[in-house]
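K.L.:
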Amino acid sequence: MASVIAVIQISQQVGKALVDYYQSARDARKDIKDLYTSLGELEIVLESLAKLYKRPGQVQLPDSALILGPEGPLKRIKDDLETLNSKLEKKHHSFSTLVALKWPFEKKGVEKVVSNIEKGKGDLRMIVGIDNLDLSYKQIDILQELRSEIAQAQADATRQAIVSWLLSGVPNPSRDHNAARTRHQKGTGAWLTDSQDLKVWMESENSFMWLFSGGKSFSLLWEKLHQLIYDLAGAGKSILSSSVIDITERRCSTPLSVTIYWYFTFADHEKQKVLNMLLWFVANVLNERRDIPQRIHELYAQLNHGMSQPHLENVLEMFRVVVQDFDDIYIIMDGLDECPKTDSERARLLEIIKDIRNWNIPSMHIFVASRQERDILDEFENFASDDHLRIPADGKQVKNDIELFIQKRLSEDKRCSRWKPALKAFVQERISTRAGGMFRLAALQLEAITPIAIEARIRAAVEVLPRNLDMFYDRMLLEVDAENLVFVHRALQWLAFAGRSLRLYELAEAVIIDPDQPFSIDDRFMDCNSLLEMIPAGLVSSTPGTFTRYEDESVRIPSSELEFSSSCSTRPHNFDPHAPNSINDEDNGEDDSDGEELGFDEYTTCTIRLAHFSVKEYLVSDRIMKGPASMYSIDENLVDKAIAKCCFRYLMHIGDSRPQIHARLLYQFFLLYYSSNFLVHHLEKLEAQVRDPQVDDLMVEFFDTGKTDAWRVWVSVALRVFNIPKRSLPDNIYTTRWDRDSKQQYPWEIEQKILLHPITWLSSLGLTEALKQALPALPPMTLDSIPQIDDGFDRLGLPLFEASRIGCPKTLSVLLDAGADINTGLGTRRFALMVAIHHGSEFVKLFLNRGAIVNAKNCGLKWHDSPLRKACLHGYLEVVKLLLDSGADPNFVAKNNKYNDVPLAVAVARNSPDLTKMLLAYGANPNYVSNDDMLPTALQVAANFCKSVEMIRLLLEAGASPNLAPRGTSTPFHLVGCSVPKSPQASIEIMKLLLEYGADPYKRGESMRTPLISAVAGYCNNEVLEFLLGLKIDIHAVSNDGNALTMAIKSCYPINEPVRYRCPTTVIILLLAGAYQCADLHWQRAYNLARQLRDGPDGSVDDTSSENLFMYDSDIDDYESDTDRDNHMRDKEIIFDWMKAYDAKRNTEAVEKMEEIVSDVARLFTED
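According to this note's numbering, the sequence shown is numbered sequentially starting from 1208.
Here it is in structure tokens:
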């Protein structure tokens, strides 16, 4: 750095002396002028070099030794300047100022000095140019890393959006896993976890293991063995499954291995759904992938970017896509027998397991655990035996685990602390032997004898203990007092088939409701704990809870309850944390004084569940009907009807009092929370059953706002407090009253004139059978005149629109049969047909058969759409064909379509040859001109976006004009050259194809640009640029923005992207092609522009063409940092130096040297 400054100072001293000599030595003025000019240009080079060394944070340039070394050009220049300066100073001081100075050099001497300086300048330029080139490479690497990081961040954001969409309303199985690990007894299960079978399963390709209980041998006497199999519930399979999960998770230490699991459980309806399991699997595997497969992007887009819920087929396809490219994927599914047979859910699960096995993915390892029920056995027996392992959870190994379990219970139970070792050994041996491999039976037997205080009686009791679970449950129920039988029976019904687990105070409220009689608050228990004392302890389990606080401005529900709030139906009703008086899971840390005042304590607020799956299985089985406790048998269909009637009666009781709707209403009616949130769950289950006239009558009465306020109460609570996700109502449906003087709050009061209509609600849920009963019973009203709540994409609209949105043919048919107009517009929204296209061709066919208009002129007033265009937009090929066959006009454009684009342009933008062929075959106009400002024709869209030779050929063969460019837009030939290339070869191939069909490469496009100017101003690849130059396009042609060289310089460094890969070679290629000879931008003009790039506009620069590049530059405030601006300025200096190197008249040697590296530069900077 110091050496450079020293040379600059010497040069300035020589320059001063030359000025003095120029005035006196008139006969040598030409020599002095040449020398002075050479020094001036030398100073420019040296100043550029000094800036490189002064850049903050910059390491020393790698070629500095070449510059500053003893044989380097800087040293030679310095020696020449010192010699020159010494002679000039000597002569200058030897004469008085009154005597004219005599020039001390001969002409040849001056020429030699000038030549030496010029040679030194050339060497410096070359070294600095190569050095800067190396730095450019480094900056390009950095930029590529930054771009990669930005792309990764964008991908992560997309991934998070997709995962959040998939997991919406899906329960988390990790809670079941953690609970199972908590119950795990150390030392148990080693017979499985340490076995060779498990090792083989983990290491074999496409392996399958089934852990089952229920015996090893099966024959034609299945029915006789049925009793035995059911008795083997409770064998601890979930605990064993959790151990397998822990082992596989420890094995998944690499990014290409993952463990996913799911626990089917009778206690949570949402965890019994196969769809939820697959959604959880897809989301978790997607989180582990480094990339997002393209097919996932496509499916996400097809489902309205998360606005629509995926079907089972969609999710299964997603799962097959995401599991590819892994080393190991361990899938553990526990409790297959707890997946219900109703609605063919279990059959669907078994079919999916079979499908996954048939994918034959080597990295897949599937582990399932269940009882050996007939349908499960039949399915798994068909699997190939070589990679199918069946492990029975019984025998000696399970007996040893049960012994360890009993041993620990006896050592921890204070009631057994005084037992003699011999007694403990006797109990341990007898119970473990008679438990038959069932932990559940062993626990019940142990619990039955621990209260006994006399050893002899203990030994006697052990000998007569029930030998199976049914006998235990029979004995428990028979001990219930007769007067409490009805309450216990109702409690068991609610616990078996409620939408979620219940709090004790909710259950106590539920059991006093008679489904066939109006609810009376006088029937309540004085103490909720009385109910808990009635129910046999072995049939239920409880989890401690805290009081639910419903405060003035916020309602708070414990997190344990929130877990179930999202599990109520196929369309879960979640909480809206932003709505007034909404419910969330935060704990405000205050005491529960309000609960104590209302009589709530830790027992009242506990969560009650059936103790084990075997309890529910026993209550609904045929076996109980044949036993002594038959009065407690439960029929699921009857229970669903009874609970639905209870909810109706409860809500109508509240509605009859016409209450003000506020949060503390939930204090007064303890089952309001459940009834409001889970009524849909039970109505959906009744859809598949024979209609019950009593249920239908209650439902109609519930909907009749003239008789009761029950419907208003339900809408207020269920749709506002619990807020159905993605179906939220607009804020203006509610009026909020806040009387601060009286301190009364009524934040959920509904305006009756826009109250949600029951028909709309039933249609939105697809409750077809209920809809059939409600339509004739409700007051007469034209379906198309039902008030619609129309305030955005996801608001509730007309009933017909709601039936179309969910894709329910039965509901749609019912509405149409009742007189709904299939062509009625939805206010400012779309026709129902616009929504129906998302549900496939069969659903659309139903619309068309009912008279839906496919070319309605007012179709999609707000959404600027038509059914055909929308089907093309989503790539629904079958729907598109169906619409075209039904008379849809492929050239029809919706009335208020902003872009006026026809379906053909949409199909081309999707790069779908199949859609494009179909539309062209049905008469689509390939030369249709839309109102788009940039791409008004389909061929322009294809050239700009899809970059497909096949697509371009399709349009050209159909008659698309290659030169059609309406309203001064760019031709397709322009667009191929200037847009982001799929590959240089593809772009060139498309250009050749366009030329073959008559494209004019010399036609001017946007801003009067030639294809060459458009290319260098856009994303031109150097191969494309050379192809265009080969067409002899006028390199000197001038557009409204300048010529090709001007545009190359201007577009080199946009503010948001300081370094363009192609920029140095783009300029080089243009200069080598003769751009510097341009009449209006000759070498001096290019030189001046380069100086402006480097130094800024200067009054001394001749710029008669008004090409001030700084009109495209920016102030430092426009940069994100000073470093960005420094990089920008350095890039400009590179352009300046490289352009100077091509001054053939002044530096032939530099040109020759630069041409030697042009090929390397072009190779390194070429965009692939």
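Note that beta-carbon positions come from the ideal geometry of N, C-alpha and C, so glycine has one too. Every value quoted in this text rests on a predicted model; they were computed, and no experiment measured them.
1) Using the C-alpha atoms, what's the distance from Gly2166 back to Asn2132?
2) Hey, how far is the Cα of Asn1675 from the Cα of Phe1533?
3) Run the CB neighbour count on Leu2376, radius 10 Å, all protein chains shown included, and call it buried at 16 or more, exposed below.
4) Identify every run of the alpha helix (DSSP H) within the region 1511-1536, keeping only runs that are complete inside it and at least 4 residues long; order them along the chain.
5) Quick check on the burial criterion: 16 or more other C-beta atoms within 10 angstroms. Buried or exposed for Arg1181?
6) Can at least three beta-carbon pairs, one atom from the region 1402-1416 and one from the region 1468-1485, be found at a separation below 8 angstroms?
7) Taking 8 angstroms as the cut-off, decide whether the C-beta atoms of Leu1611 and Gly1394 are in contact.
8) Check this for me: beta carbons of Ala1368 and Ser1445, under 8 angstroms apart or not?
9) Name the residue from Cys1854, Ile1868, Tyr1880 and Gln1867 whose alpha carbon lies nearest to the alpha carbon of Leu1905.
10) Quick check: what's the CA-CA separation for Ser1420 versus Leu1584?
11) Output yes or no for whether 8 angstroms exceeds the beta carbon distance between Leu2232 and Ala2222.
12) Alpha carbon to alpha carbon, how far is Gly2212 from Arg1502?
13) Could you please give the first and the last residue of the uninterrupted beta strand (DSSP E) stretch that includes Ser1420?
14) I'd like to check one pair, Pro1378 with Asn1483: are the Cβ atoms closer than 8 angstroms?
15) What is the DSSP secondary structure of Ser2190, reduced to helix, strand or coil?
16) So, are the CB atoms of Ser1639 and Ala1649 less than 8 angstroms apart?
17) Put Ala1213 into one of helix, strand or coil per three-state DSSP.
18) Could you have a look at Ile2323 and say whether DSSP puts it in helix, strand or coil?
19) Can the beta-carbon of Leu2415 be found less than 8 angstroms from the beta-carbon of Thr2018?
20) Check for me: the beta strand (DSSP E) holding Arg1816 runs from which residue to which?
21) Take the Cβ of Gln1219 as the centre, count every other Cβ of all protein chains shown within 10 Å, and call the residue buried at 16 or more, exposed below.
22) Is there contact between the region 1532-1551 and the region 1456-1470, where contact requires at least three CB pairs shorter than 8 angstroms?
23) Taking the CB atoms as reference points, tell me whether Val2136 and Thr2123 lie closer together than 8 angstroms.
24) Measure the C-alpha to C-alpha separation of Lys1326 and Ala2280 and round it to an integer number of angstroms.
25) Evaluate Leu1439 with the Cβ neighbour count: other Cβ atoms within 10 Å of its Cβ, from every protein chain shown; 16 or more gives buried, anything less gives exposed.
26) By the 10 Å Cβ neighbour count, where 16 or more other Cβ atoms means buried, how is Glu1175 classified, buried or exposed?
27) Identify which residue in Glu1505, Arg1707 and Glu1558 has its Cα closest to the Cα of Glu1477.
28) Distance, Cα to Cα, His2046 vs Pro2173?
29) Are the beta-carbon atoms of Leu2055 and Ser2093 separated by less than 8 angstroms?
30) Looking only at its own chain, which residues have a Cβ that is under 6 angstroms from the Cβ of Leu1879, when we skip the five neighbours before and after it?
31) Using the Cα positions of Asp2248 and Met2215, report the straight-line distance between them to the nearest angstrom.
32) Under 8 angstroms: do the region 1907-1922 and the region 1850-1870 share three or more Cβ pairs, one atom per stretch?
33) So for Arg1710, helix, strand or coil by DSSP?
34) Among residues of its own chain, excluding the 5 on either side of Tyr1437, which ones have a beta-carbon nearer than 6 angstroms to its beta-carbon?
35) Spell out the partners DSSP gives Phe1574 in its beta bridges.
36) Roughly how many angstroms lie between the CA atoms of Ile1284 and Val1214, to the nearest whole one?
P.N.:
Looking at the atomic coordinates:
1) 9 angstroms
2) 45 angstroms
3) In the structure displayed, the chain extends from 1208 to 2375; residue 2376 sits before or after that span and is not available.
4) The qualifying runs are 1519-1529.
5) In this structure the chain extends from 1208 to 2375, so residue 1181 is not present and cannot be described.
6) no
7) yes
8) no
9) Cys1854
10) 11 angstroms
11) yes
12) Cα-Cα distance, rounded: 37 angstroms.
13) Counting along the chain, the beta strand (DSSP E) containing Ser1420 begins and ends at Ser1414 to Ser1420.
14) yes
15) coil
16) yes
17) helix
18) Note on Ile2323: pLDDT 38, under 50, position unreliable in the model; the coordinate value appears next. If DSSP states are grouped into helix, strand and coil, Ile2323 belongs with the helices.
19) In this structure the chain extends from 1208 to 2375, so residue 2415 is not present and cannot be described.
20) Thr1814 to Leu1817
21) Gln1219 comes out exposed.
22) In short, these stretches touch, since the Cβ pair count reaches three.
23) no
24) 26 angstroms
25) Because Leu1439 carries a pLDDT of 44, less than 50, the predicted location of this residue cannot be relied on, and the following value inherits that uncertainty. Per the 10 Å Cβ criterion, buried.
26) Residue 1175 is absent from the model: the chain starts at 1208 and stops at 2375.
27) Checking every option, the nearest Cα to that of Glu1477 belongs to Arg1707.
28) 38 angstroms
29) yes
30) Leu1873
31) Rounded to the nearest angstrom, the two C-alpha atoms are 8 angstroms apart.
32) yes
33) strand
34) Unreliable positioning characterises Tyr1437 in this predicted model, as indicated by a pLDDT of 40, which lies under 50. The coordinate reading is nonetheless provided below. Here the set comprises nothing.
35) Met1416 and Ile1539
36) 8 angstroms
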